[in-house]
Every structure is written in C-alpha cells, then in structure tokens.
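Just below is one structure, and these are the notes that go with it.
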Amino acid sequence: MYVKTGLVLGGILACASAWADQSAPITMHYHERKPLHYSDGNGNVIGILAAPIERSFAKAGIPFVWRQTPMNRIMATIKANDGPDCIAGVYTSAERESMARLSLPIYRDKGLVMLARADFPAPATVSARELLARPQTRLLLKQGYVYGSYLDPLIAKMAPTQVQRVTDEIDSMIRMLRAGAADIIVTTEEEAETYVNPEVDSVRLLHLSDVTAREYRYIVCSKRVPQETMDKLNAAIATLPVDGSRKP
C-alpha cells in the first residue's frame, strides 16, 4: 500500500513539476558584457546577442524574463537544474552539452582576438599557439568562460602560474592589462572594437593567424526547460539570420 501510494504521489509531483516548468516564464541569465548583452539603465537588456534572443522568444511565443547574474553563478544554476533557467548566448563545450539543452546558434562572432600591452613583443598578426607556448607569457582570462575548441586546449597546456582567471568584466580586465597585471587577454573582436582605440590606446590589438574559425553562440538551458519548449524556440531561431548560416 505504501509503495503504491508513494508511486502515485511521485507521479503526481513529477507531473506538477513538469506543468509548472511549462507555465512559468524562463529566466534568461546574463551578465554585463558590452556590446553583447547589457542594461541600458532603463530596465531593458540590449546588445547584439540580446536582440536575437528577444526576437526568437517573441516569435516562438515563449515568455521569459531577464536576470542579471554573475557568470560563475549562472553556470552553477544551469547545472543545479532547479528551475527553467537559461544563459544568454555562450559558446558550447562538452560539459555544457552533457548537462544542459542547447538551442540552435543565435549568433556567429566576428572572431577571437587578443589584446596585449603596448610593450609586449608580438607582431600585429601572430599565432596564438606560439604566444601561448611562450613560458613567460602571462594570460588574463574571465572566470567561467570557454574560448572555443581551438584555444581551450592551448590554454590548458599553460603552466598554472601563467594564467590568471578573474571575475572582472572586460573593461576592468583591460585596465588591469594597462596596469601591467598581465601580458595578454583573449576577447571577441566585437568587445575589442567597443573598448579599445588602437590609435591612442596603450593596449594593442593582435589578430590570430591560426584562429580562423568564427565561433557560434547558443542559448544554453537547464533540463528543466522542456524539450518541446526548446523545439518551439529552435523553430523560431531557424527563421532568423545568423551570419547567413544556421550551422557551423
């Protein structure tokens, strides 16, 4: 009797949880990252990633709310799988694919670049493999980020003393670079264009000759977001342009 009651009660609770997930708005977590997604100061989230996310959810008829959350906490929230949570526009990785649901790509980056101190010895176009293999290179990275299938393995080979990961946003990281806290940082070309003026800045832009692939960005959701919801979202995303292509 108790077993049967428990099974019935468990089934009721599971159905209630699934119904609640389908009826509750999705929480779209983001952190301030110009020009990708950031607050305009009037309660709106704008940016080159925020715009296609807004259009996709509106077209699919899926309600969602923006919530500003630190990057490390966002990934912990997705992994905890406690509610219908998503993160706005990130790269994919094996870990993310195993623990979450991924949308179709919503945006394709212009490309990854490096920013270097003015006195750092490197030409304007350089190999990332060569730079990261130098034993004296000091690399500053954003904690919780992945940098794509090519750069991540190269970074993993660096000595721990060469790599510093911080919770600061890109504007603060650039200030740290100017102050000599590191030699180089990895960022998107979009962010470099936003924060660095190469004509007057003490920070140099380095183009990477061996990083030719332009990474795609995805909406990554906890598995509490039902698959049918993801299917509706993907159907909407598929109708919107993403650099003229739907897949890498």
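Residue numbering for the sequence shown follows my numbering, starting at 106 and increasing by one per position.
Glycine included, every Cβ here is placed at the ideal spot set by N, Cα and C.
### Query
What separation, rounded to the nearest whole angstrom, lies between the Cα atoms of Ala223 and Val308?
5 angstroms
#### Entry: Ala193 - DSSP class collapsed to helix/strand/coil
Strand, per DSSP.
### Query
Under the rule that 16 or more other beta-carbon atoms within 10 Å means buried, what is Thr242, buried or exposed?
buried
### Task
Compute the beta-carbon to beta-carbon distance between Ile289 and Leu220, rounded to the nearest angstrom, for a pair I have assumed lies under 8 angstroms.
7 angstroms
#### Entry: Cα-Cα separation, Ala129 to Arg160
Going from the Cα of Ala129 to the Cα of Arg160 covers about 19 angstroms.
### Query
Within 10 angstroms of its Cβ, does Ala287 collect 16 or more other Cβ (buried), or is it exposed?
buried
### Message
Output needed for Ile167: all residues of its chain with C-beta closer than 7 angstroms, excluding positions within five of it in sequence on either side, in chain order.
### Response
So the qualifying residues of the chain are Ile131, Thr334, Lys337 and Leu338.
### Query
How many Å lie between Phe412 and Ile275 at the Cα?
Since the displayed the chain opens at 106 and closes at 353, residue 412 lies outside it and no answer follows.
### Query
Are the beta-carbon atoms belonging to Asp214 and Arg319 less than 8 angstroms from one another?
yes
### Spatially closest choice to Thr317 from Ala163, Ser254, Gln332 and Pro240, by CA coordinates
Ser254
### Task
State the start and end residues of the unbroken beta strand (DSSP E) segment that holds Ala345.
As written in the sequence, residue 345 is Leu, which differs from the Ala given in the question. Taken as a continuous stretch (DSSP letters only), Leu345 belongs to no beta strand (DSSP E), as it is neither H nor E.
### Query
Whole-angstrom Cβ separation of Ala227 and Leu311, contact assumed at under 8 angstroms?
6 angstroms
### Query
In or out: Ala205 buried (at least 16 other Cβ within 10 Å) or exposed?
Ala205 is classed as buried because its beta carbon has at least 16 other beta carbons within 10 Å across all chains shown.
### Query
Where does Lys247 sit, in a helix, a strand or coil, going by DSSP?
strand
### Task
State the beta-bridge partners of Thr230 as determined by DSSP.
His312
#### Entry: alpha helix (DSSP H) segments (min. 4 residues) lying fully within the stretch 239 to 312
Within the stretch 239 to 312, the complete alpha helix (DSSP H) runs of at least 4 residues are 253 to 261, 275 to 283 and 294 to 300.
### Query
By a C-beta neighbour count over all protein chains shown, 10 Å radius and 16 as the cutoff for buried, is Thr230 buried or exposed?
exposed
### Query
Relative to the C-alpha of Ser198, which residue among Ala233, Ala155 and Leu256 is closest?
Leu256
### Task
Take Ser203 as the anchor and find which of Ser314, Ser327 and Ala341 has the nearest alpha-carbon.
Nearest C-alpha to Ser203: Ser327.
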